[in-house]
Every structure is written in structure tokens, then in C-alpha cells.
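Trainee: Supplied in C-alpha cells, the structure appears directly below.
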Amino acid sequence: MKKQNQLLQSVIFVIFLFSSTLFAQSTLNIPRNIYKAYEKGTRSLDGMPGPNYWINRSDYKIKAELIPQTRTINGHARITYYNNSPDSLNTFVFRLYQDIMKKGNPRDFSISPNDITDGIKIDTLIINNTGIDFKSKSYRVLRTGTNLIISNFPSKVPPKGFAKIEVKWSVVIPKETRIRMGAYDSQTFFVAYWYPQIAVYDDIDGWDRQEYTGATEFYNDFGNFDVELTVPGDNLVWATGELQNAKDLLHPTILERYLKAHNSDDVIRIVTPADIKNKTVTNGNEKNTWHFKAKNVPDFSFGTSNKYLWDGSTIEVDYKTVTGRRVFVDACYEEGIKFQDEVALFARLSIDYLSNEWPGIPYPYPKMTVFNGEQKFGGGMETPMMCNNGTYPNRAGQIGVTIHEIAHTYMPFYMGINERKYAFMDEGWATFLTYDLVKRMEPDGNELPQTISVLSNTMGNDYMIPVITPSFSSKTNGSGLLFYQQPAIAYLILRDFLGDETFKKALHEYINWWNGLHPIPYDFFFTFDRVAKEDLSWFWKPWFFETGYPDLAIEKVTNEKNPEVIIKKVGSYPVPIDLKITYADETEEIIHKPASVWKNGESTHRIKINNTKSYKKLELISVLGPDVNKQNNIFEKK
């Protein structure tokens, strides 16, 4: 058996060397800290995990109680941390995300004075049976920003070993400055980033010590969660994972509808206004403990209220296989809030689209809940199997936020993306995945033209730094565009010139290899290079690594008898050509050329137009590609 393992390792290493050599022609700059991963064999230049790849993980068993009167959570967690790295670890980094509310801590924006606290209160912290002395002289304990760092700890965690950690803590939920979570009234809460969490230790940076300051988001290892949440007896709870004890909590009528919804293609009104008025929602106890379990997810959140309506159904996501796996999709919201009674349907259609069209990979979790926390404003925030969405004044906006936040299931959660470093790797994809379905469901709400218009007005300005710039260091006016819209448009252009089949094949290859791991941008770039069978650096460099702008111009028209339009690439970004021709008889034609016409460094491209009809006007229009200068886009026949 040992000889077989050695032979297998040798074969894998030879394949790794061959693939690395084969794709080493990429001309992308790879930073030194990242290149070390290729030298160590944890990553491969063909975009796949290397033969020496590893990932750590943490399992959490949590018991917590929410005290609504004081907006306080008291919690106790037992954590098992698995060290799969080749390193012995005597440093531990814990994330205390709600220390962002601690007086004096750095933040990207101001908060209400009423929400300033002393941060997360740690009552007890035990690592491998050793109680942590915060004033110890034999090891160092540093609490800085939102991190708690314990270094030179006497009990090392060896490679392939594990640590047992116990922590008791309390945290106050913010009421006025609700950064992605908070208290919405005296009994309605969406709670996220609320428990002491072990930071990521990976093959690129070691411990992730980047502090949470509000603008950029998160980076988590995967783990199993077993969570018991105690709340007032008339409150419902929705959370990451599957509810284990519904029959002990719900009123018999509600339980019957809940179970029916788990086998229904139609949306079931599980809790109605009459149920809330008659107080026939839960079991009538003074307090209830809700038990949830989730497998292999990077985080855990929950929402609770005593006045929210509840709708739900299930949808089959694996109908192309024999599994017939169904996903429970539900929505919870306050009565009378516009469009919210449609959200369970929007969510259902979103999961169907994501599972069967784009990205075309079955939704990976057993459920999805849309919680309507912010009722006066738009926006939304994703967590595994949950999203906390705002209210929009129009149907298209509500559809858009629903699919956008659910699309985050794939990136960052299923894929383990480092959002704080590479926001475009998840926000860009969620934005990309939103356009087509919104247009289909609400044609007047198509956001793509507006996105192209905004980018046309902003690209090339000094605040539009390279997309690849670590997100935590991007604090410019253009950060949102760099995280969301610019990469989304790049992905659309990429799909356009690769074609749906090759693009989807590459996307599936990337997702299938890297789900449950921690990919970085180069894993994505190199995977697409390999599947496309070409070095796409001509596209990656301008769109992700450089500053510049897209600008096409009609340079001139030659040969009036057989007209040929010369399109000049003025800017540095490769974009598709869409030439609109208006003929003398007022008929129109659009000739489309993908961005790949520029891949060999061409500065001009020639397009022959119909010589059987007389044209009167030529215009470059922006269907997929932004264009910063519209003044050079029109040619009118004199």
C-alpha cells in the first residue's frame, strides 16, 4: 500500500510539472508571496490545486441566548481547529468582528455614538485545556482592531493535529449603525459576525491578520456548525443550516404548513397575519431553543422576529441526475412591505436559474432564506444559506437584490473566496449572474445599459486603480465599480468571445476543482487559459492588472463602392465592436465583432458593410463594452 501511495504521488508530481511547464507561458505578473505557492506545489500554473495543496478548518458547537431588552447575546462555543498545514502552529488569530464598534477602533465610516461599545466581552478562553491569561508573560496576547492574537503559545498544534478551544463571550447588537446586521426593532434582529471566530491560515499569507474596518468583507475557513439559539417564546428563528427540532417549537397548524412547504413546488404561506394576531405561531413557551446544523460552510448567521410573515416552498435542483435533491427556499418579512410577498418566488426562480443556466451548477446547500431586515432602504448582505435584504421601490430592484445575494452562495461561500483581498472574485460574479435573469423577469429593469454608461463615465480616471489591487487597500471613489461592475462587464465580454460552451466549461472546471478550498485570481485566470487552450493575458492584463480605459473610434470609411469601415482601438482595453448601420431606406443593421479581434495587438479592425444598399450613418454603440469617448463613434455620409 505504501509503495502504491508513493507511485501515485510520483505520477501526480510529474503531471504537476508537465502542466506547470505547459502553461508557464502566461505573461501575468505573479507577486512573490503568491509565486512561493507554485514553488511549494500547493498551486499549479494550470489553475488546479497543486499536489501539496492543503486547507485548515474549524468545527463549531455553539449555545447562545439573545436578550432582546438589552440587544445582548451571551454565548458559549466549543471549537475544534484542524491544522492540515505542514507547519506547527503556536500562534492563534481570532476574529472579533463586532469590535468594529469598540471605542477608538479604526472604521471606514462613522457610527452612531449610541452604538459604541467595549467590543466583544470575552469571559473565558481555553486552548487545549489551558486558560488564556490576557496578562501572561510566557506568551503574548494582543487585542488589536478586530483581532485577538495569541503568539508563542506553549501548546503547539502539529501538522495534521488539532486544537480544542472553548470560549464564553457576550456581544451587544447595534441598533442604529447596522453594518450588514443589527436590531431592526425590539424583537427583530439579523445577527451576523457575532461569535469569536478562528481566522484563516492559508498557503499564501499564513495567518490572515487583516482587520475588519467595515468596507471590505470576509474570509473564512469551512466547518460544521451545531448551534442552539435561545430566544423569547413567540419569536421565530431562521438561520444558516437546517432546523432540527421544528416539531418541538411550532404550533401544530404552522408545523403542518412548514412540512407541506418542504414538499411543495408552490409557495406556501406558512405564517399569516392572522397567525401572528392570534398568537398561534409557536408552542407558547416563555423561551424556546432553536437547534440548527450546517455542514461545510464558512459562517453562521440567524434572523429572528415575533411579527414576521413566513413563506416557503422547495425546488428540485438536481433534476438532470437521479438524486432529485430539493432545496427549501423561504422568505420572512413584515406585513405590508411592498414586493416582499413575492420574494419567496423570486428566490425560487433565482435558485432554478443558478442551478440550471448560469453558472449551471446545482445549488449546493439544503436551504436558502431571504430575511427582509432593512425596510426603508435597499441593499443586501449575504451569509451562507441566508441573506439580509433591504426593500426596493420597484420590482426589478427587489428581483435584482434577491438573485445577487443568493448568487453569492457560489462565490464566496461554496468557493471559499478571500473577499477582503479580492472582492471582485465574488461581487463581480454575483453582479454578472444578476443581469440576465432580471432582464427576463422585468425587461424594463435591465441594469446592463446603466452599468456600461457609468463605466464609460468613470474608467480612466485616477481613482480607477487596477482591479487586482487588494480590496482592503482600495478606498477610492471607484471601489464599488472595481469590485462589482467592472469585473462583471469583463466576465460578460469574456463569455462573448469565448462562446457560451467554452466559457461555461471553464467556469465549471474552476468551480469543480476549487469548491471547498481557497482559490485566488490566478487560479481563475490559469483555469480559463487551460480550457480555452490559449494565453488570455492580452485580456486579463488590461481588465484586471492595469489602469486605462476603453475607447473605440470610427477612423474612416474607404472605398465607397464596397464600403469598409476602419475601427480604431484608441484606448487600452479590448472591447467588442458593435457597429450600427443606418441605411438610406431607414433600415438598420448591427454588426458585432467580439473583443478577441484585438488579441494580437491590432490597433485597427476593418469591417465590410453591405454594398447593395446605401448607408447614411454609422455609429459605434455600447452593447457590452464601455466607451469613454462617444464623440468619435459616429460617421455620417455627406
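Counted from 1, the sequence shown has number 609 at position 614 by this note's numbering; the numbering is strictly sequential.
All C-beta atoms in this analysis are idealised placements derived from N, C-alpha and C, irrespective of residue type, glycine included.
#1: For G596, count neighbouring Cβ atoms within 10 angstroms of its own Cβ and tell me buried if that reaches 16, exposed if not.
#2: Would DSSP call H257 helix, strand or coil?
#3: Are the beta-carbon atoms of L340 and V262 separated by less than 7 Å?
#4: Starting from G122, trace the alpha helix (DSSP H) both ways and give me its first and last residue.
#5: Tell me, which residues are paired with L231 by DSSP?
#6: Helix, strand or coil, according to DSSP, for Y578 in the structure here?
#7: Taking the straight line between their C-alpha atoms, what separation do you get for K633 and A579?
#8: Touching or not, the segment 36 to 43 and the segment 201 to 216, by the rule of three or more beta carbon pairs under 8 Å?
#9: Skipping 5 residues on each side, what residues in its chain have a beta carbon closer than 7 Å to that of Q481?
#10: For the putative contact between D94 and G156, defined by C-beta atoms under 8 Å, what is the C-beta separation to the nearest angstrom?
#11: Going by alpha carbons, who is nearest to K608 out of R601, I629, W285 and K556?
#12: Spatial neighbours of D203 within its chain, please: C-beta separation below 6 Å, excluding the five flanking residues on both sides.
#13: Per DSSP, I572 is paired with what?
#14: How is the beta strand (DSSP E) around H286 delimited, first residue to last?
#15: Strictly by DSSP, which residues pair up with Q335?
#16: Consult DSSP for I174 and reduce its assignment to one of helix, strand or coil.
#17: Consult DSSP for M459 and reduce its assignment to one of helix, strand or coil.
#18: Leaving out five residues before and five after W49 in sequence, what residues of the same chain have Cβ atoms less than 8 Å from its Cβ?
#19: Look at the alpha carbon of S181 and the alpha carbon of N452, and state the distance between them as a whole number of angstroms.
#20: With a cut-off of 7 Å, does the C-beta of N301 fall near any C-beta of chain D?
#21: Using alpha carbons as the reference points, say which of K242, P545 and T318 lies closest to S448.
#22: Does the separation of the CB atoms of S146 and R138 fall below 7 Å?
#23: For V166 and T22, I'd like the C-alpha separation in whole angstroms.
#24: By the DSSP assignment, the beta strand (DSSP E) with Y77 in it spans what residues?
#25: With respect to the beta strand (DSSP E) encompassing G375, which residues constitute its N-terminal and C-terminal limits?
#26: Mapping the DSSP letters down to three states, classify F295 as helix, strand or coil.
#27: Is G440 closer than 7 Å to A402 when the C-beta atoms are compared?
#28: With burial defined as no fewer than 16 other Cβ atoms inside 10 Å of the residue's Cβ, what is the status of K272: buried or exposed?
#29: With 16 as the cutoff for other CB atoms within 10 Å, does K350 come out buried or exposed?
#30: My understanding is that W233 touches M406, with C-beta atoms under 8 Å, so please give their C-beta distance in whole angstroms.
#31: Name the two residues that bound the continuous beta strand (DSSP E) containing L493.
#32: So for W305, helix, strand or coil by DSSP?
#33: What ranges does the beta strand (DSSP E) occupy inside the segment 165 to 212, keeping only unbroken runs of at least 3 residues that lie completely in it?
#34: I need the boundaries of the alpha helix (DSSP H) containing K434, first residue and last residue.
#35: To which residues does DSSP link H600 through a beta bridge?
#36: Looking at C-beta atoms only, is the number of pairs between the segment 288 to 299 and the segment 310 to 326 that lie closer than 8 Å three or more?
Mentor: Let's see:
#1: Exposed: under 16 other Cβ atoms inside 10 Å.
#2: coil
#3: yes
#4: One point to set straight first is that residue 122 is Ile, not Gly, in the sequence displayed. Membership of I122 in any alpha helix (DSSP H) is not indicated; the residue belongs instead to the beta strand (DSSP E) covering K116 to I122.
#5: S300
#6: strand
#7: 12 Å
#8: Flag = no, the segment 36 to 43 and the segment 201 to 216 do not touch.
#9: Only L450 and V462 meet the Cβ criterion.
#10: The Cβ separation is near 29 Å, so there is no contact.
#11: Comparing Cα-Cα distances from K608 to each of R601, I629, W285 and K556, the minimum goes to K556.
#12: These residues qualify, in order along the chain: A194, V195 and Y214.
#13: K588
#14: K282 to V292
#15: In DSSP, Q335 forms no bridge with anything.
#16: coil
#17: In the structure shown, M459 sits in coil (DSSP, three-state: anything other than H, G, I, E or B).
#18: T37, N79, S80, P81 and D198
#19: If you take the alpha carbons of S181 and N452, they lie about 44 Å apart.
#20: Note that chain D does not occur in the displayed structure, where there is just one protein chain.
#21: P545
#22: no
#23: 48 Å
#24: Counting along the chain, the beta strand (DSSP E) containing Y77 begins and ends at T67 to N78.
#25: Counting along the chain, the beta strand (DSSP E) containing G375 begins and ends at G375 to T378.
#26: In the three-state reduction of the DSSP assignment, F295 falls in the coil class.
#27: no
#28: exposed
#29: As written in the sequence, residue 350 is Ser, which differs from the Lys given in the question. So S350 ends up on the buried side.
#30: At roughly 23 Å, the Cβ-Cβ gap does not stay under 8 Å, so W233 and M406 are not in contact.
#31: Bounds of any beta strand (DSSP E) do not take in L493; it lies within the alpha helix (DSSP H) bounded by Q481 to L493.
#32: strand
#33: 184 to 186
#34: Where K434 is concerned, the enclosing alpha helix (DSSP H) stretches over F419 to M436.
#35: Under DSSP, H600 forms a beta bridge with I562.
#36: Verdict: no, contact absent.
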